[in-house]
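Inspection log for the structure reproduced underneath, given as structure tokens.
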Ligand SMILES: CC(C)(COP(=O)(O)OP(=O)(O)OC[C@H]1O[C@@H](n2cnc3c(N)ncnc32)[C@H](O)[C@@H]1OP(=O)(O)O)[C@@H](O)C(=O)NCCC(=O)NCCS
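Below you can see the structure in the form of structure tokens.
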């Protein structure tokens, strides 16, 4: 028997997804570093993988919070993206993606950015559909869960202020 998604319980660790990518000249911007848009694309890929592991159905990215690049990525660096579902609501979920670069000659690891994406689960007809419950376990899970709920409140409040009902 297939369980109804809303009665299914999953934990953040079950959604943890790691994507590793070796950057190359094809990813460069005119300044010779890795194009930020490429890093954003990888964030979306990693978030969709984590969300798919959580929802076990097709998902789509609804929105991405503002993204700050803390450091440039050099062509040839390795990128590691770690994605986890932080919180889930009715049909949507927040996925956090942490991006680090690794400079191959020195092994130095640098925090590039952290992205928060809101991803929506879709049914076979492409309509939003209910997701399982996400139950945080560790203290870190609970911290991320609380922060995700706060960010959702801020998103919705910002959307209401703009009068669109959404961001
Ligand atoms: C995202 C999408 C499915 C939402 O459809 P919709 O008809 O507005 O659906 P709903 O009103 O039922 O909202 C569904 C969920 O999405 C959330 N959502 C939709 N737009 C949102 C936004 N801009 N910010 C935050 N959450 C959003 C809602 O809060 C709701 O979450 P909940 O059920 O957990 O409370 C639809 O807008 C869409 O398909 N957008 C295009 C997505 C896409 O193609 N992405 C890739 C671009 S290349």
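Residue numbers (our numbering): 135 to 301. Positions of the beta carbon are idealized from the N, C-alpha and C atoms, including for glycine.
Rounded to whole angstroms, what is the Cα-Cα separation between residue i and residue j?
{"i": "residue 268", "j": "residue 255", "result": "14 angstroms"}
{"i": "residue 280", "j": "residue 232", "result": "17 angstroms"}
{"i": "residue 162", "j": "residue 169", "result": "5 angstroms"}
{"i": "residue 186", "j": "residue 264", "result": "13 angstroms"}
{"i": "residue 197", "j": "residue 253", "result": "7 angstroms"}
{"i": "residue 295", "j": "residue 147", "result": "35 angstroms"}
{"i": "residue 150", "j": "residue 183", "result": "9 angstroms"}
{"i": "residue 271", "j": "residue 145", "result": "7 angstroms"}
Is any heavy atom of ligand 1 found at a distance shorter than 8 angstroms from the C-beta of residue i?
{"i": "residue 200", "result": "no"}
{"i": "residue 262", "result": "yes"}
{"i": "residue 289", "result": "yes"}
{"i": "residue 224", "result": "yes"}
{"i": "residue 254", "result": "yes"}
{"i": "residue 186", "result": "no"}
{"i": "residue 149", "result": "no"}
{"i": "residue 240", "result": "no"}
With H, G and I counted as helix, E and B as strand and the rest as coil, what does DSSP make of residue i?
{"i": "residue 273", "result": "helix"}
{"i": "residue 159", "result": "helix"}
{"i": "residue 173", "result": "helix"}
{"i": "residue 266", "result": "coil"}
{"i": "residue 296", "result": "helix"}
{"i": "residue 245", "result": "strand"}
{"i": "residue 207", "result": "coil"}
> Does the segment 197 to 216 come within contact of the segment 166 to 184, defined as at least 3 CB pairs closer than 8 angstroms?
Replying inline: yes
> Is the segment 237 to 254 close to the segment 207 to 222, with three or more CB pairs under 8 angstroms?
Replying inline: yes
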